[in-house]
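Undergrad: Below you'll find the structure I mean.
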Amino acid sequence: MTENKGKIFVFSAPSGAGKTTILKFLKESIPELVYSISATTRKPRKGEIDKHHYFFMSEKEFLDRKEKNEFAEWAFVHGNYYGTPKSFIDNTINKGLHIIMDIDVFGKKQFDKVYPEAVGILILPPGLKELEKRLRGRNSDDEETILLRLENARKEMEFARKEGKYEYTIVNDNLGKTKCRVESLVKSIIQNRTGE
């Protein structure tokens, strides 16, 4: 790997752990970070722009590309395909820019086979009780959805503990402090000050 190549940061977290807020903060505080753009077969929502929010493609195009092994990882979620194009990652890191990715723990295992050098950062809630409190506090999901999210979180945390490759695990018990911890961690890795 050449010295001027960018780094890949893969963030995983169960729903409600605060990852979206943390990643939004990171993008604003470290300008040389590029947020990964996924490909999807779902239709664009209002205001979404092709090649900015997602690479929107037909199912046929997506499956053709999958067949040609053009995705670092892919999944079929809620009736649509989602995937991370290798070309986007390669072009970004070859320019010396650093990329942040938001991939669940199952996709991360798939992704590591293609990019073993990626730095895995797992964001966890202080516990399932606190996670339940946060999910209920959102007032955006019905009871069935909350219970499903909690069950999924339990499975994801178990999978990450047994089979995940995360160099760093950060418990988000205080959002302000967690944002600062993640920011200084990412900056130190970019500047090669972690001694790894």
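For the sequence shown, this note's numbering begins at 200 and goes up steadily by one. Each residue gets a CB set at the ideal place from its N, CA and C atoms; glycine is no exception. Everything numeric in this text was worked out from a predicted model, so none of it was measured.
Residues in its own chain within less than 8 Å of GLU395 by CB, not counting five upstream and five downstream?
TA: Unreliable placement is indicated for GLU395, whose pLDDT of 42 sits below 50; the coordinate value is still reported in the next sentence. If we look at GLU395 and ignore the five residues flanking it on each side, its Cβ neighbours are GLU366, ILE388.
Undergrad: Taking the straight line between their C-alpha atoms, what separation do you get for SER237 and LEU330?
TA: 27 Å
Undergrad: Residues in its own chain within less than 7 Å of LEU374 by CB, not counting five upstream and five downstream?
TA: Taken in chain order, the residues that qualify are GLY217, THR220.
Undergrad: Applying the criterion that 16 or more other CB atoms from any shown protein chain within 10 Å of the CB defines a buried residue, is SER383 buried or exposed?
TA: exposed
Undergrad: Exposed or buried, LEU321, counting other C-beta atoms within 10 Å across all chains shown (16 or more means buried)?
TA: Here LEU321 is buried. Its C-beta has 16 or more other C-beta atoms within 10 Å.
Undergrad: With DSSP run on the structure shown, which of helix, strand or coil describes ASN279?
TA: Looking at ASN279 - three-state DSSP - the assignment turns out to be strand.
Undergrad: May I ask you to report which of helix, strand or coil DSSP gives SER237?
TA: Three-state result, SER237: strand.
Undergrad: Just the Cα atoms here: how many angstroms apart are THR393 and LEU225?
TA: Note that THR393 has pLDDT 41, beneath the 50 cutoff, so the model's placement of it is unreliable and no number is given.
Undergrad: Using a 10 Å radius around the Cβ and a threshold of 16 neighbouring Cβ atoms, would you call PHE275 buried or exposed?
TA: exposed
Undergrad: Let's test the definition: count the other Cβ atoms within 10 Å of the Cβ of GLU343 and tell me whether it reaches 16, buried, or not, exposed.
TA: exposed
Undergrad: Measure the beta-carbon distance from GLY282 to PHE270 and round it to whole angstroms, keeping in mind my assumption that it falls under 8 Å.
TA: 4 Å
Undergrad: Please state if the CB of SER235 and the CB of ILE298 are separated by a distance shorter than 7 Å.
TA: yes
Undergrad: Tell me which residues share the same chain as LYS265 and place their Cβ nearer than 8 Å to its Cβ, disregarding the 5 neighbours each side in the sequence.
TA: TRP273, TYR280, GLY282
Undergrad: Can you tell me which of ASN268, VAL209, SER211 puts its alpha carbon nearest to the alpha carbon of LYS285?
TA: ASN268
Undergrad: Going by CA-CA distance only, name the one from GLY319, THR239, MET300, LYS386 that's closest to PHE261.
TA: THR239
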